[in-house]
Amino acid sequence: MSWLETLRTGLDAVLSHRLRSGLTMLGILIGIAAVILTVGFGEGAQAKVSAEINALGSNLLVVSPGSATASTGIRGGFGSASTLTQADATALASKTVAPDIAAVAPTTQQSQTLTAIGANWTTTVVGTTPDWLPVRARAVTEGRFLTAADENTDAAVTVLGVTTAQELFGSRDPVGQTVTVNGLPLTVVGVLNAVGTSASSATTNLDDQAVVPITTAANRIFGGSSRTSVQSIYLEATSSATLSAAYQEADSELLRLHQVSAADADFTIASQQSLLTTATSVDKTLTELLASIAAISLLVGGIGVMNIMLVSVTERIREIGLRKALGATHRAIRRQFLVEASVLGLAGGVLGAGLGLVGAVVLPHLISNPITISPAATAGAIVVAMGIGIGFGVYPATRAARLAPIDALRSE
Amino acid sequence: MAEAKLPVIDIREVTKTYRTGTLTVEAVRGVTLSILPGEYVAIMGPSGSGKSTLMHILGCLDPLTSGSYWLAGQDVSRMSDDELADVRNRRIGFVFQQFNLLPSLSAWRNVELPLCYADVRRDERRSRAVDALRRVGLADRIMHRPGELSGGQQQRVAIARALVTDPALLLADEPTGNLDSAATAELLALFDELHRSGRTIVLITHEADIALHADRIVRLRDGRIELDRNHAKALS
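If you read the protein sequences in the order shown, they are chains S and H. For the first sequence, the numbering used here assigns the number 827 to the initial residue and increments by one for each residue that follows. For the second sequence, the numbering used here assigns the number 299 to the initial residue and increments by one for each residue that follows.
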C-alpha cells in the first residue's frame, strides 16, 4: 500500500471520528501553544534586556572594585573604601599604556537630597569626567555637558536627568537655575536625553540623576575618606574588534599599578557580554522552568494520543481483521495506525502553533512583556508534535499489527 | 491444459488443535480434500462440526497444526505471515456473513481495497473496481456508502471486492446468513452465474437447500469428512 493511500486512509479515520480526534488534538495543541509562548516570552525578555544593555554604550567595559575569589569570598579595599582610584583612571586614559581604550570615565556616586526654590528631591549624584557622555552613549538635549575646565576648577555645576529636572523645576527651563546639595549651590548647565529605566535593575532610573565633575563630588560634596577613590571606571574600546585588547591592557595596567598578581586581583572588569549574561540568566531560568512545565503538558498530550489510539485499535479490531484477510501485511497495518497518530500529532501541532501566534499578538497587551516568536522554534514545535504522535503511536500500532487475522475477524 | 487440472485446493491429513488453558479442542481431525478449478463446493455441517475452522484454514487465516496444504500449486503450510498475506490478497476472495464493509468508504473504495494492498495504480484500481461492481449488478451504486445500501446490495459489494483481484478461489462463509429470502435467491443466482463463467467457489453453510446449489457437497461431523458427494454428476 502506497504512502499516499495510507495517508488517505489515516485522514479518513481521523475525519470520521471528529469529536474524538479533536479532543486528542487538544492535548497536543495546548502543549505546543504553551511551549511556543513560553519560549517566545523568554526570547522577548532577553531581547529587551540586551537592547537596554547595548544602549548603555557601545564597546563598553566596566571596572569595579573588589573581586570574587576562588574561596567565594569577596576581596575589597580597606574598610568600605574602593580599591579603584582616580590615579587608575588617569593611567588608563594614557594612549601609550592603553592604545585601544578610546575614553575613560571614572564615576563615584551617592544618594543626596537636591534643593531648589520650592522643591527638594532625593536622587543619585554622580561624579564623573566629560568622557562619561560618549562612554555611556548619552547626549544633552539642553545646555551643555561637563568640560575639562569644570573638572580642573572643581566647578559648582551639574547636568540633570530629565526626571530630576522635572521634579525640581516643573515646566520651568532648568538651565541656569541653581540647586543646592549638601549646602553647596550648583548651577544647572544642561539636561540629559531621556533613556528610560536601567536593564540590570528596574529600580535604577537612568533619567533620574545629577551629574557633577568628579573633583567637585570628591572635594566639595561627598568628602570623607573616599576623595581619591572611585566606585567604577567605565572604559570605551576604540572599536568592537579591539574590545579584548582593551580588556587586556586595562587588566595588566591595573594589576601593575596595584602591585598584585592576577590571582589576587582587587578589581573586576566586566564587558557588555558578561553584563548581558548576568542580566538574562534569571530570565533564562524562569523561561526554562516554564518551558519544562509546557513540555510536561506536551507529554501528557502524547499520552492522550496513545490512549485514543489504543481505543481506536480495540474499536476497529474487525476492520484490522478484514484488512489482514484482504492482504494487509504487518507493516501495512502498523503504518496505517502510525500515519493516523502522526496526522493527529501534526494537526495538533499546526493548530497549537496557530494558537501560540494568536497568543503572541494578544498577550503582550495584557502582561506588558514582549513575546518574540521565532519561525525556527515554531517549525521545530510542529515537528516535535508530529514526532510525539508517531512516538506514542508506535505501541498501539504494533498491537494492531500483531493481531492474528482470525482473532480480529471473530471479535464482535 | 495440464495446468488447469492442478487442484486449486489440495489438503492432506489436516488437523487443527486449539488449546485454551488445560482444555484441548481438536476442531479438525485429519481432513483430506482436493478441489479442482471450476468446481462449486458446499461445505456443510452442524455447528461444532469444524466447518468454520476448516474455512479459516482454507482461507489461510489460521495456521494448521499438522498436515499439508497446497493452494493453486503453492505450499502454503510453511509460509510466513507476510507471504500468507500476499496469498490471501492474490489467490483468495472472501465473502463473510457480516459483509465486513468499511462504513466510511463508498462502494468502489471498498471494492478497490485489496488492490491497494497489491500496489495497483489508482486509475487501474478504479476501473477494475467499477468493472467488478458492474458484474454484480451495482453499476449505479458506485458512490454509495454501505449504510445507504440494502443488505443484499452490501453483500454484492462484498462479492465485487472478492472478485476484483481475479482470485483462484472464492471463499464464502455463510454469505446468506444475514439476508432475507429474496436477497438470498438473488445472491445464489449470482453464484450460479459466477460458477458458469468458470469460478472456483467454496461455500460454507449449514442450510441444506443452499448447499444444493453447489455441484459437490462435503459434509463434516466432529472434525472429519462424513460425506463427499458429487451430486451434479449423480443427477445427470
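Where a beta carbon is used, it is the ideal one built from N, C-alpha and C, also for glycine. Every value quoted in this text rests on a predicted model; they were computed, and no experiment measured them.
### Query
How many angstroms separate the CA atom of Thr933 of chain S from the CA atom of Val1184 of chain S?
The alpha-carbon separation between Thr933 of chain S and Val1184 of chain S amounts to approximately 47 Å.
### Query
If Gly1002 of chain S and Val1014 of chain S are in contact, beta carbons under 8 Å, what's the gap, nearest whole angstrom?
Under the criterion of beta carbons closer than 8 Å, Gly1002 of chain S and Val1014 of chain S qualify as touching, at roughly 7 Å.
### Task
Output the distance between the C-alpha atoms of Ala1028 of chain S and Glu878 of chain S, rounded to the nearest integer angstrom.
Summary for Ala1028 of chain S: the model assigns pLDDT 46, below 50, so the residue's position carries little reliability; its value from the coordinates is reported in the next sentence. Ala1028 of chain S and Glu878 of chain S have their C-alpha atoms spaced approximately 11 Å apart.
### Task
Please list the residues of the segment 1144–1156 of chain S that have a C-beta atom closer than 9 Å to any C-beta atom in chain H, keeping them in chain order.
Answer set for the segment 1144–1156 of chain S: Arg1144, Glu1145, Gly1147, Leu1148, Arg1149, Lys1150, Ala1151, Leu1152, Gly1153, Ala1154, Thr1155, His1156.
### Query
Who are the neighbours of Glu831 of chain S on chain H, taking C-beta pairs under 7 Å?
Ordered by position in chain H, the residues that pass the 7 Å Cβ test against Glu831 of chain S are Cys414.
#### Entry: Collapsed DSSP secondary structure at Val409 of chain H in the structure displayed
Correct three-state label for Val409 of chain H: helix.
### Query
Does the beta carbon of Ser1200 of chain S come closer than 8 Å to any beta carbon on chain C?
Among the protein chains of the structure shown, namely S and H, there is no chain C.
#### Entry: Distance CB(Glu472 of chain H)-CB(Gln395 of chain H) smaller than 8 Å
Closer than 8 Å, so yes.
### Query
Which stretch, first to last residue, makes up the alpha helix (DSSP H) that contains Leu1083 of chain S?
That run of the alpha helix (DSSP H) goes 1069–1084.
### Query
Out of curiosity, what's the CA-to-CA distance linking Gly1128 of chain S and Val1108 of chain S?
The alpha-carbon atoms of Gly1128 of chain S and Val1108 of chain S are separated by roughly 30 Å.
### Query
Under 7 Å from any heavy atom of the ligand NAP, does the C-beta of Leu1148 of chain S make it?
For the structure depicted, the ligand NAP is absent and the ligand set is empty, with no information on it obtainable.
### chain H contact residues for Ala1158 of chain S, given Cβ-Cβ distances below 7 Å
Simply Tyr415.
### Query
Do Ile341 of chain H and Leu518 of chain H have their C-beta atoms closer together than 8 Å?
Taking 8 Å as the cut-off, the beta carbon of Ile341 of chain H is found closer than this to the beta carbon of Leu518 of chain H.
### Task
Confirm, please, whether the CB-CB distance from Ala1043 of chain S to Leu994 of chain S is below 8 Å.
Contact: no.
### Query
For Ala370 of chain H, which of H:Leu447, H:Pro335, H:Thr318 has the nearest alpha-carbon?
For the residues H:Leu447, H:Pro335, H:Thr318, the minimum Cα distance to Ala370 of chain H belongs to H:Pro335.
### Task
Tell whether a beta-carbon distance below 8 Å holds between Leu1061 of chain S and Ala1072 of chain S.
In terms of Cβ geometry, Leu1061 of chain S and Ala1072 of chain S form a close pair [threshold 8 Å].
### Query
Can you list the residues of chain H that Leu1235 of chain S reaches, using a CB-CB cut of under 8 Å?
Contact annotation for Leu1235 of chain S against chain H: Leu359, Phe394, Asn398 [CB-CB distance below 8 Å, chain order].
### Message
Can you tell me whether Arg790 of chain S is buried or exposed? The criterion is at least 16 other CB atoms within 10 Å of its CB, across all chains shown.
### Response
Past the edges of chain S, shown from 827 to 1238, lies residue 790 of chain S, and the structure says nothing about it.
### Query
Helix or strand or just coil, what does DSSP make of Val988 of chain S?
Assignment of Val988 of chain S by DSSP, reduced to helix, strand and coil, places it in the helix class.
### Task
With a 10 Å radius around its C-beta and 16 neighbouring C-beta atoms as the bar for buried, classify Arg1157 of chain S as buried or exposed.
Exposed is the call here.
### Message
I need the straight-line Cα distance from Gly445 of chain H to Val455 of chain H, nearest angstrom please.
### Response
Looking at the two C-alpha atoms, the distance is approximately 12 Å.
### Query
Just to confirm, are Thr890 of chain S and Phe1048 of chain S a CB contact at a threshold of 8 Å?
A small fix is needed here, since residue 890 of chain S is Ser in this sequence, not Thr. By the CB criterion at 8 Å, Ser890 of chain S and Phe1048 of chain S fall outside the cutoff.
### Message
Counting only C-beta atoms, is Ile1134 of chain S closer than 8 Å to chain H at any point?
### Response
By this cut-off, Ile1134 of chain S is not an interface position.
### Task
Identify the contact partners of Ser828 of chain S in chain H, using a Cβ-Cβ distance below 7 Å as the criterion.
The answer, in chain order, is Asp417.
#### Entry: Between the CA atoms of Thr351 of chain H and Arg327 of chain H - distance to the nearest angstrom
Arg327 of chain H and Thr351 of chain H: Cα-Cα distance of roughly 11 Å.
### Query
Would you call the CB atoms of Gln938 of chain S and Val1056 of chain S closer than 8 Å?
Not in contact: Gln938 of chain S and Val1056 of chain S (Cβ atoms no closer than 8 Å).
### Message
Give me the residue from S:Val1220, S:Glu977, S:Gly969, S:Val985 with the minimum Cα distance to Arg1046 of chain S.
### Response
For the residues S:Val1220, S:Glu977, S:Gly969, S:Val985, the minimum Cα distance to Arg1046 of chain S belongs to S:Glu977.
### Query
Listed in chain order, which residues of the segment 322–354 of chain H have Cβ atoms closer than 7 Å to some Cβ of chain S?
For the segment 322–354 of chain H, residues whose beta-carbon sits nearer than 7 Å to a beta-carbon of chain S comprise His354.
### Query
Expressed to the nearest angstrom, what Euclidean distance is found between the alpha-carbon atoms of Asn476 of chain H and Arg1236 of chain S?
Using only the alpha carbons, I get a separation of about 16 Å.
### Cβ of Asp1109 of chain S within 8 Å of any chain H Cβ
Answer no: the Cβ-Cβ gap between Asp1109 of chain S and chain H never drops below 8 Å.
### Task
Please list the partners that Leu411 of chain H has in chain S, where partner means a Cβ-to-Cβ separation under 8 Å.
The contacting residues are Arg1149, Leu1152.
### Query
Name the residues in the segment 840–852 of chain S whose C-beta lies less than 9 Å from a C-beta of chain H; which are they?
Correct list: Leu841, Ser842.
### Query
Interface residues of chain S around Asn387 of chain H at Cβ under 7 Å?
The contacting residues are Leu1152, Gly1153.
### Query
For Asn946 of chain S, does the three-state DSSP call read helix, strand or coil?
In this structure, Asn946 of chain S counts as strand in the three-state DSSP scheme.
### Query
Roughly how many whole angstroms lie between the Cα atoms of Thr1248 of chain S and Thr498 of chain H?
In the structure as shown, chain S begins at 827 and stops at 1238. Residue 1248 of chain S is therefore absent and cannot be evaluated.
### Beta-carbon contacts of Val500 of chain H that lie in its chain and below 6 Å, excluding the five residues immediately before and after
Taking Val500 of chain H as the centre and dropping the five residues before and after it, the same chain places the C-beta of Val339, Leu469 closer than 6 Å to its C-beta, in chain order.
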